[in-house]
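Scroll down for the structure; my scribbles are underneath it.
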Amino acid sequence: MAEESKPLVPPTPEGEKKPAAEKPAAAPATASPAAPAKPPAPPATAKPAAPAKPTGPVPLPWTSPLVEKYRRQYGSGIDALTYLGQNYLNVDRSLIPDILRLLRDEEQFDYCVDITAVHYPKRERQFDVVWILYSFPRNERLRVKTQIADGASIPSVVSIWPTANWLEREVYDMFGIQFDGHPDLKRILLPDGWKGHPLRKDYGILQQDKEWVQVNLGIESGQ
Amino acid sequence: MKDSMDELSNGAVSHLDLETPEKPYLDANELIINMGPQHPATHGVLRVILKLDGEKVLGTECVIGYLHRGVEKIAENRTYTMFNPYVDRMDYVAAVSNGLGYCEAVEKLLNVEAPPRAQYIRVVLTELNRIASHQLWLGTHALDIGAMTPLFYTFRDREEILKIFERYCGARLTTHAFRIGGCQYETYAGFEKDVKNFLAFFPPKIDEYEALLTSNRIWLERTKNVGVISGKDCIALGVTGPVLRASGVKWDLRKAQPYAAYSKFDFEIPVGENGDTYDRYMVRMIEMRQSLRIIEQAVNGIPEGPIMGKVPKVIKPPVGEIYHSIEAPKGELGYFIVSDGSTQPYRVRVRPPSFVNLQALDIMVRGMLVADVVAVIGTLDIVLGEVDR
Amino acid sequence: MLNAFMSYLGSTVPPGNADNQLWALIYVLIIFAGVSLAVVAMNWIERKALAHFQIRLGPMRVGPHGLLQPIADALKLMLKEDIIPAQADAVVFWVAPLIGLLAAFTVYTVIPFGPSQAVSDMNIGILFMLGVSSLGVLGIITAGWASNSHYPLIGALRSSAQMVSYEVAMGLAIVSALLMTSLNRTGTGTLSMIGIVEAQQQQGVWFIFKFFPLGLIAFVIFAIAMIAETNRAPFDLPEAESELTAGFHTEYSGLRWSLFMLGEYAAMIAVSSIAVTLWLGGWMRPFPNLLTGSAWDFIFSLFPGLTFAGLAAIAFIGTARMPAQAYFRIQRIGLAVFAALLGLIALLLLAIAVAGRTNDASIAGRFREGIDYVYWFVLKVAVFMYLFIWYRATWPRYRFDQLMRVGWKVMLPISLGVLILTAIVGVLIS
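Residue numbers (this note's numbering), protein chains in the order written: chain A, 3 to 225; chain B, 610 to 998; chain C, 5 to 434.
Right, dumping it as structure tokens:
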């Protein structure tokens, strides 16, 4: 989290007495057996993962005909995992347009629910780009993720799912990720003259005060 | 599917070439007019740039973001619990649905489930909210098409729903009705009676709306074959909700991937045939009746038991990510939440139905008249608070 | 002087025809004041009626039941800043509302409120009326053009297209009514507004019921066309607020805007008057040929007074029903005064009716007659005005192409057919 934005978050009372709060935080793992077994995996697997950190379930390898097929075709570029019953593929950046097109054409993932990104500033390849897909015939969801470095571009999927048009524009607007081949890549939610990309972790809220509110609105602070 | 998609993906979706060459004083060029952001029929602060040939629409471009508040950035600076009220401010017409989606997403991330009683209460309130949202849609949509009176009828009846909300949680619009893990409030004394009164009160009112509109000649002329979109185009453009169903795709998340307690209830999914404005109108009208059915089953079957699940005081989900979506009144409302194991979400992405549906405006109004643009904006049922977030 | 003033009172022709400029001027002033007052009243009634259609109360704050609201609105509009957009053509912008207003008011010179209760009886009355009322579109076009803005321009274009296409059907419907006036011994019809009513009187039937259903169809076509002609819902495309913000008067505000409104309502009253004159027997009371005799005359002449008495009673009931709190005291007094005023008018009218019942030639008798004529005429027009409000509350708005289609493909053929059939039937009968 960016330094500038830290003071804006009022310290929560629970945060101060951290040792006490640690215990309830572990509750999900113990509570999950009581809950109806919606994701079947967690309880059993949480135990082995537990010793070091009392976290909840961890992502598990996921196998299916679909994964096998593409793994045979593309080799190690695909990593299939499942977490809390939701499947996702970690795909190498180089495979991106191909694998998405195949998913639509061959696997009937005809509906691109959402495209978004996550910023990990400490990683070398800073961005996770996420495509959330859904297949009407199979009634199945799938997430495709890839990692790219800051400044790198990624092929646009507008030609695969037209709905990607605005979604990619929003990702560009918020993260500054370039989409190659997008018909009209420009800011969508923020004004054209905006500086920076707000959903990056190094973009603090106070920065916005300086660069936008003070200059354009002529007021001291928007806070 | 291929053809329509190629056409769509050729950059056709709301992309106008606005640079016109130096013009002579009088010419026969297209007229570019700016609809909004201050305009009576754009439902808030939507700005649509229209390229017209006389009254015929040659193309549109939506300019959005006037109501952008940075909800996703706010989420990263708040704890899970603190962010909960913010989601109400996105689709402020259906705040309960937003809250349901967010709470269920975090619950999934925590790997807990709300107890059955809480889930039933959630269903009752969410369906009431769906009706309220559709009522608002109907009133404003009719007003856009020029019928003033239905607006007041729908607001009169929406009041009854808002009264129930107010008695339940103290707020009428931005309710913040649910908490992560269940509900904070037990139902008030007389809750069930109020809901049942509403169940008896409302069906005649739907008949009243329909008497004004359904077989009205002018209404038929203004809505039939207006803003037609095929099921394939809907899927390609990611359009969901009543708009998708009116185009003949029988898909509703409440049935396809049931959440809360929806799998326990018996209801129908209305579908249209032509994908025009009239079908969308009919689909939503039937949906209101179906919602009543769900509410009736839910309110009669609210089980006894706790209303809060076993959720820690400090919400601290394990490292991981989750996507959870619900059928909001406007379409698929999804939350993609990434947790880094701290008390604050690392990233919250909202998949807003209005935002995605609005993309379809362009292909729906091309070749139609100015008056249809207004009708189609109304029929898409967008809420700018959710489009811009 | 007094003589010159009084000399006209015995006359049975309109002052314009009696060559009496003084009385013509007085009539013009009376009509101008009367129509302005009617517009103010219409404004209040429309807001109240529309509100009650829509389960609202409407204006309630300014005066008892919002009775003073139109006056407050007028004051507000007059005090508003007079804005002329920088890019507008200032002169045309300034003239446009006046054109509309003048066109709407000029029409009233030939509207017969009674056989002699008109400014003038022009022998081409209906033609004059059509010509002048269609000048109104000029005001709208110039307003739209002068604003130098897109929405007004589109509104103006819509308006001109709409008025032109509906005028055709309207004209044909009028012609079929005019044909009916020629069904007399001489076989000559008339274009005079008074002549048209008198023709209905002679033939003993309102033209709406003549050659049933031909008269009725012609009337319905006119009734539809006149809504389009005055740009009212469901044909209010030129000012469709949800599409064109406010259409041709988007850039207008304050006094100029109020002139447009005044013009619109005046035009509504004017076209309703045409309809009443042509099809509904103008100033004639119901069943003048069945319920004859001085007794029936007397009974019908009580109606104006009784109407006002009824209104006064409603106002009194309203006064009694007002909450007895101090907050409402002034409103209560105001409503009571208003009710008393209505009551006084009622008494006056009843007194005139009683005084003039025997002698038609006396001054009281002339007054009684005149009041009778004007009352029935205004009552019929008022029904139309109420319908205007009712339509607006009930129907969505047509789209432009649908409006054109209805005008050219439905209304025009039907009105042509009715015209031809009327002619054939007329020839066969005579």
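Just so you know, even glycine gets a beta-carbon here, dropped at the ideal spot from N, CA and C.
Computed from a prediction, not measured in an experiment: that's the story for all the values here.
- When DSSP reads this structure, ARG145/A sits in a beta bridge with TYR90/A and ILE134/A.
- In the pairwise beta carbon analysis, the region 759–777 of chain B is classified as not touching the region 830–850 of chain B: fewer than three pairs are separated by under 8 Å.
- In this structure the region 68–84 of chain A does not lie against the region 807–819 of chain B, because fewer than three pairs of beta carbons, one per stretch, are closer than 8 Å.
- Take LEU183/C, set aside five residues on each side of it, and the residues of its chain with a beta-carbon closer than 7 Å to its own are GLY193, THR426, ALA427 and GLY430, in chain order.
- When Cβ pairs closer than 8 Å are counted between the two stretches, the region 87–103 of chain C is seen to touch the region 140–157 of chain C, the count reaching three or more.
- For THR886/B, the uninterrupted alpha helix (DSSP H) segment begins and ends at 886–909.
- Under the DSSP definition of a beta bridge, GLU930/B partners with VAL947/B.
- Per the coordinates, the alpha-carbon of PHE215/C lies some 30 Å from the alpha-carbon of SER298/C.
- Within the DSSP bridge table, the entry for HIS750/B names no partner.
- Using a Cβ-Cβ cut-off of 8 Å, PRO67/A does not count as an interface residue toward chain B, since no Cβ of chain B sits closer than that to its own.
- Around the CB of ASP376/C, 16 or more other CB atoms lie within 10 Å, so the residue is classed as buried.
- In this structure, ALA343/C sits near PHE320/C, with a CB-CB distance shorter than 8 Å.
- By the neighbour-count definition (other C-beta atoms within 10 Å, threshold 16), LEU83/C is an exposed residue.
- At a cut-off of 8 Å, the C-beta of PHE811/B has no neighbouring C-beta in chain C.
- Minimum Cα-Cα distance from ILE35/C among the listed residues PHE117/C, PRO68/C and ALA45/C corresponds to PHE117/C.
- In the three-state DSSP reduction, ALA344/C falls in the helix class (H, G or I).
- Looking from the CA of ALA741/B, the closest CA among LEU978/B, VAL965/B and ARG893/B belongs to ARG893/B.
- Contact between ARG854/B and PRO879/B is confirmed by a C-beta separation of about 6 Å, below the 8 Å threshold.
- In this structure, PHE252/C is the residue among VAL280/C, PHE252/C, PHE223/C and LEU407/C with its C-alpha nearest to the C-alpha of LEU142/C.
- Chain B places a beta carbon closer than 8 Å to that of ALA397/C, counting this residue as a contact.
- Cβ-Cβ separation between LEU306/C and ALA350/C: approximately 10 Å, too far for a contact (criterion under 8 Å).
- Put simply, the CB of ILE658/B is far from chain C, with every gap to its CB atoms at 8 Å or more.
- Selection LEU187/A, VAL146/A, LEU219/A and PRO99/A evaluated against VAL69/A yields VAL146/A as nearest (Cα-Cα).
- Taking 8 Å as the upper bound for CB-CB distance, ALA786/B and GLY708/B are in contact here, some 6 Å apart.
- Contacts with chain B at 8 Å (Cβ-Cβ) include ASP116/A.
- By the Cβ test, the region 200–207 of chain C is not in contact with the region 262–271 of chain C, since fewer than three Cβ pairs between them sit closer than 8 Å.
- Contact annotation: LEU659/B and CYS671/B have beta-carbon atoms that are not nearer than 8 Å.
- In this chain, ALA42/C is not harboured by any beta strand (DSSP E); it is covered by the alpha helix (DSSP H) spanning 25–57.
- Taking 8 Å as the Cβ-Cβ cut-off, the region 93–124 of chain A approaches chain B at ASP112, TYR113, CYS114, VAL115, ASP116, THR118, VAL120 and HIS121, given in chain order.
- Non-local C-beta neighbours of ALA869/B in its own chain, meaning closer than 6 Å and more than five positions away in sequence, comprise GLN728, ARG731 and VAL732, ordered along the chain.
- Of the residues TYR90/A, ILE101/A and GLY195/A, the one whose Cα lies closest to the Cα of VAL217/A is GLY195/A.
- Counting only the Cα atoms, LEU105/C lies some 27 Å from GLY374/C.
- What TYR174/A touches in chain B, judged by beta-carbon distance under 7 Å, is nothing: the nearest beta carbon there is about 13 Å away.
- At a cut-off of 8 Å between beta carbons, THR84/A makes no contact with chain B.
- One finds nothing in chain B with a Cβ atom closer than 7 Å to the Cβ of ASP93/C; even the nearest lies about 14 Å away.
- Residue-level contact by beta carbon holds for HIS677/B and chain A, with a gap shorter than 8 Å.
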